[in-house]
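What follows is a set of notes on a single structure, which appears directly below.
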Amino acid sequence: MKNKTLVISGATRGIGKAILYKFAENGINVAFTYNSNEDIANEIIKDVESKFNIKAKAYKLNILEPNEYKDIFKEIDKDFDRVDFFISNAIISGRSVVGGFAPFMRLKPKGLNNIYTATVLAFVVGAQEATKRMQKIGGGSIITLSSTGNLVYTPNYSGHANSKASVETMMKYAAAELGEFNIRVNAVSGGPIDTDALKAFPNYEEVKSEVEKRSALNRMGEPNDLSGICYFLCTEEASWMTGQTIIVDGGTSFK
Ligand SMILES: NC(=O)c1ccc[n+]([C@@H]2O[C@H](COP(=O)([O-])OP(=O)(O)OC[C@H]3O[C@@H](n4cnc5c(N)ncnc54)[C@H](OP(=O)(O)O)[C@@H]3O)[C@@H](O)[C@H]2O)c1
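Here my numbering runs 722 ahead of the position in the sequence shown, where the first position is 1.
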């Protein structure tokens, strides 16, 4: 895996950051995006370059403007000689999800559209740009993050849940068409993971205790619970896995 390159969106915090560190500690160069936290991005670069002797670069991206990926990949071409892995991870929160993160009767087209753009359209444009680079080196692995909110009712979450269902379907179409280039495409679907995105839920404490109750392992997920699965999907061990959603949920979607 050494000297390969991961491109990942939204790696300043939470799950994205854990994935970035997992790849970096295995000798993989990392090109990652941030939105508002440039200082944190720079600290991460310094930290992983010194600890793991790899190359790291950060790029500003707004996933509500998916075409920004086109220019970012041009910058990545200048900084890295190859793209092996692409992980679509970033997600919006706060003002841009108003009307999208709400009970059914308060849903509004704008908020729902924003979540769809950030989840599905950003995956499409990012994966297209990554594919063009992977074709040149004989293959690669693409992953989208998903959520078990499309399997288990989660209050206020219908906007995200529907977009995650949609991105899982898009992932399968991409997998079917990109296999001929030895590019595999999969989804990693997490149950509730303790990150800023979840802490933004107005009923965070309630969600946390409900998850602890529902989980067969009696705890919430941590970002590192997903990072190893993403890494596995990029290794040779997973060389015949494509078009799949791997669920990592502490047993919460069954119990
Ligand atoms: N947390 C969960 O329970 C859970 C469960 C299953 C799946 N997931 C999925 O896992 C992924 C990561 O979630 P998380 O909980 O780690 O999220 P998070 O802690 O809220 O982090 C979000 C990341 O996305 C970036 N971001 C925010 N707004 C953006 C924008 N407009 N354009 C581009 N980037 C933007 C942030 O960058 P800045 O720091 O620079 O703002 C940050 O790096 C998401 O796809 C989420 O749906 C989460």
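All C-beta atoms in this analysis are idealised placements derived from N, C-alpha and C, irrespective of residue type, glycine included.
All values reported here derive from a predicted model rather than from experimental measurement.
If you compare the alpha carbons of Leu920, Gly913 and Lys854 with that of Ser863, the shortest gap goes to Lys854. The beta carbon of Lys779 sits closer than 6 angstroms to those of Ala753 and Asp801, all from its chain and outside the five residues before and after it, given in chain order. Under DSSP, the beta-bridge partners assigned to Lys779 are Ala753. If you check the CB distance, Thr964 and Arg906 come in under 7 angstroms. Under the DSSP definition of a beta bridge, Ile794 lacks any partner.
Assignment of beta-bridge partners to Leu867 by DSSP yields Val910. Taking a cut-off of 8 angstroms for Cβ pairs, the stretch 946-962 and the stretch 766-774 do not touch, as fewer than three such pairs fall below it. Residue pairing by DSSP places Gly943 opposite Ile915 in a beta bridge.
Taking 8 angstroms as the upper bound for CB-CB distance, Ile859 and Asp806 are in contact here, some 7 angstroms apart. A distance criterion of 6 angstroms places the beta-carbon of Asn748 beyond contact range of ligand 1, judged by its closest non-hydrogen atom.
The shortest CA-to-CA distance from Pro877 to any of Phe823, Ala898 and Pro831 is the one to Phe823. Listed as beta-bridge partners of Ser810 by DSSP are Thr866.
Cα atoms of Gly901 and Tyr895: separation of roughly 10 angstroms, rounded to the nearest angstrom.
Taking C-beta atoms as the reference points, Ala852 and Phe808 count as a pair closer than 7 angstroms. Of Phe954, Glu934 and Ser961, the smallest CA-CA separation from Gly972 is found for Glu934. The alpha-carbon separation between Ser731 and Ala938 amounts to approximately 31 angstroms.
Judged by the Cβ position, Arg735 qualifies as a neighbour of ligand 1 at the 6 angstroms threshold, a heavy atom of the ligand being closer than this. The distance from the Cβ of Cys952 to that of Val910 is about 6 angstroms, consistent with a contact at the 8 angstroms cut-off. Relative to Pro914, the option among Glu797, Gly943 and Glu890 whose CA is nearest is Gly943. Secondary structure of Leu742 (DSSP, three-state): helix.
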